[in-house]
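Engineer: Have a look at this one before I ask anything.
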Amino acid sequence: MPVPRMSPDSLIFVAGHRGLVGSALVRALHAAGFDNLILRTRQELDLTRQDAVERFFTQYRPQYVFVAAARVGGILANDTYPAEFLRDNLAIHTNVIDAAYRNGAHKLLYLGSSCVYPKHAPQPMSEDCLLTGPLEPTNEWYAIAKIAGLKMCQAYRRQYGFNAIAAMPTNLYGPGDNFNLAGSHVLPALLRKVHEAKLSDAAQVEVWGTGTPKREFLHVDDLAAACLFLMQRHDDSSLINIGCGRDQTIAELAQTIARVVGFEGALRFDSSKPDGTPRKLLDTTRLTALGWKPQIDLENGLRTTYDWFLQHVAPQPGANLPRVHYG
Ligand code: GDP
3 MPVPRMSPDS LIFVAGHRGL VGSALVRALH AAGFDNLILR TRQELDLTRQ DAVERFFTQY
63 RPQYVFVAAA RVGGILANDT YPAEFLRDNL AIHTNVIDAA YRNGAHKLLY LGSSCVYPKH
123 APQPMSEDCL LTGPLEPTNE WYAIAKIAGL KMCQAYRRQY GFNAIAAMPT NLYGPGDNFN
183 LAGSHVLPAL LRKVHEAKLS DAAQVEVWGT GTPKREFLHV DDLAAACLFL MQRHDDSSLI
243 NIGCGRDQTI AELAQTIARV VGFEGALRFD SSKPDGTPRK LLDTTRLTAL GWKPQIDLEN
303 GLRTTYDWFL QHVAPQPGAN LPRVHYG
C-alpha cells in the first residue's frame, strides 16, 4: 500500500511549538507551504496529562505529528531535576505517540537526542551503538526517557504497523533558545555570559568545566529542514542521526563566541563544574546517504542567534525566565 505523504492540506500537529525545535518546525512548515497546522500552548494542552491528550487527538485527529515537546535543559538542570526529566518526558511521548496511533495519524516523527548513546561510544557515534554501554550520568534520566520514546516508535511500528520514525539530533541552537543560565545549554549560556561581560567591561568570562569536552552544534533551522525531509522520505524503524558532522572543544566554542560578540577579555575555566561526556559527535552517514546535508555553518548561525538574543532577550536582562525550559 502506498504511504500517504504530507500535503498542503494535511492536518499537522507540532507538539511543543513554542520551544526551540517546535518553533523552527513551524517556520519550516509554513515556508514549505504546509499551513494547516494545529498548535497548542502548554496552558491550552498539558501533554503530560493523558486524558487531555486523548481528548485533543479524538477531537482533531491530526494526520501528521511532530513530537518536539520535551522537558529539556543543560547539564546542571538535568543533574538537578532527575525525577522531572524522567517523568515528564516519559509521560509526554507515551501520551502523544499512543494517542496519535489510536486516532489514525498517518505518520509521526519523534525527536530523541544524541545523549541516548553510551558515554564512551566510539566516535563518531552511529545509530548502531544504541544500548551498547553505560550512559553519561549527568543526563541519564533524560536519556532513558528518550530511549523509551524511540523504542516506543519501533514497538508501535512492529506490533501495530504505525508509521512512527525516530530522529536523533545533535546539540541544537538558534533563535528561540533558552538563555537562562541555570537551565540552558552551553552555547546560549556562553553567548549571554560573553555579551554581559562585554557590556560591563569585565576582564574575563567564566566557562564551566575544563574546556576540553567536544560538542557538535546544529542550527535548529537545519534540524527542522531535516525533519521535513525525513517526514517525506523515511518510513522505517531505523533511527536517523541528525548532525553537521563536525565538533569542537568548549574552549574553541567560547573563542568563536567571543569573536562574534566582540569580547576581548580572557576565558577562565572553572573545573569545579562538570564536564559531562567527553565527546558526542554523531555519525550522519545514514542521513547523508538519503540525500540531506546542513546549510548553516556555526559562525553564521552564531551571528544570527546573537542578533535574535539582542532583540528578544538582552533588552530584559532581569526577566523572570523559566527555571527549566520545555522544548
Ligand atoms: P551537555 O552537552 O549535555 O553536557 O550539556 P551542556 O550544553 O549544558 O554542556 C556542555 C559542556 O559545556 C559541558 O562540558 C559544560 O560544563 C560546558 N559549559 C561551559 N560553560 C557552560 C555554561 O555556562 N553553561 C552550560 N550549560 N555549560 C557550560
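Going by our numbering, the first residue of the sequence shown is number 3, and it counts up by one from there. Ideal Cβ placement from N, Cα and C applies to all residues, glycine included. Every value quoted in this text rests on a predicted model; they were computed, and no experiment measured them.
For Thr251, does the three-state DSSP call read helix, strand or coil?
Structural biologist: On the sequence shown, residue 251 is found 249 positions in, with the first residue counted as 1. Note: Thr251 maps to strand in three-state DSSP.
Engineer: Cβ of Ser128 within 7 Å of any heavy atom in the ligand GDP?
Structural biologist: On the sequence shown, position 126 is the one that residue 128 refers to. Flag unset: Cβ of Ser128 not near the ligand GDP.
Engineer: When the Cα of Gly247 is compared with those of Lys282, Lys121, Asp53, which residue comes out closest?
Structural biologist: In the sequence shown, the residue the question calls residue 247 occupies position 245. If we check each option's Cα against that of Gly247, Lys282 comes out closest.
Engineer: Give the DSSP bridge partners of Met127, in chain order.
Structural biologist: Locating residue 127 in the sequence shown gives position 125, counting from the first residue. Note: Met127 sits in a beta bridge opposite Leu284.
Engineer: Identify the continuous beta strand (DSSP E) that holds Leu1 and give its terminal residues.
Structural biologist: An answer regarding residue 1 cannot be provided, because it is not within the stretch 3 to 329 covered by the chain.
Engineer: Let me check one thing: in DSSP terms, what residues is Ala169 bridge-paired to?
Structural biologist: The sequence position of residue 169 within the sequence shown is 167, counting from 1. The partner list for Ala169 (beta bridge, DSSP) reads Leu113, Ile242.
Engineer: Give the C-beta separation of His19 and Ser25 to the nearest angstrom, bearing in mind that I take them to be a contact with Cβ-Cβ under 8 Å.
Structural biologist: Here residue 19 is taken as the residue at index 17 of the sequence shown, counted from 1. Here residue 25 is taken as the residue at index 23 of the sequence shown, counted from 1. Contact flag correct, Cβ pair sits at about 6 Å.
Engineer: Go ahead and pull the three-state DSSP assignment for Val118.
Structural biologist: Taking the sequence shown and counting its residues from 1, the one referred to as residue 118 is at position 116. Helix, per DSSP.
Engineer: Rounding to the nearest angstrom, what Cα-Cα distance links Arg242 and Pro177 in this structure?
Structural biologist: Residue mapping note: residue 242 aligns to position 240 of the sequence shown, counting from 1. Residue mapping note: residue 177 aligns to position 175 of the sequence shown, counting from 1. At residue 242 the sequence reads Ile, which differs from the Arg that was named. Cα to Cα, the separation comes out at about 24 Å.
Engineer: Determine the DSSP secondary structure at Val222, reduced to helix, strand or coil.
Structural biologist: Here the question's residue 222 lines up with position 220 in the sequence shown. DSSP places Val222 in helix when its eight states are reduced to three.
Engineer: Measuring only from the beta carbon, is Trp210 closer than 7 Å to any heavy atom that is part of the ligand GDP?
Structural biologist: As a first step, residue 210 is located in the sequence shown; it is residue number 208 there, counting from the start. Trp210 Cβ: within cutoff of the ligand GDP.
Engineer: Taking the straight line between their C-alpha atoms, what separation do you get for Ala227 and Ser9?
Structural biologist: As a working mapping, residue 227 is identified with position 225 in the sequence shown. As a working mapping, residue 9 is identified with position 7 in the sequence shown. For Ala227 and Ser9, the distance between alpha carbons rounds to 16 Å.
Engineer: Could you spell out where the beta strand (DSSP E) holding Val69 opens and where it closes?
Structural biologist: Here residue 69 refers to the residue found at position 67 of the sequence shown. From DSSP, the beta strand (DSSP E) with Val69 extends over 66 to 69.
Engineer: Suppose you measure from the CA of Asp237 to the CA of Ile244; what does that come to, to the nearest Å?
Structural biologist: Residue numbering aside, residue 237 sits at position 235 when the sequence shown is read from its first letter. Residue numbering aside, residue 244 sits at position 242 when the sequence shown is read from its first letter. Cα-Cα distance, rounded: 16 Å.
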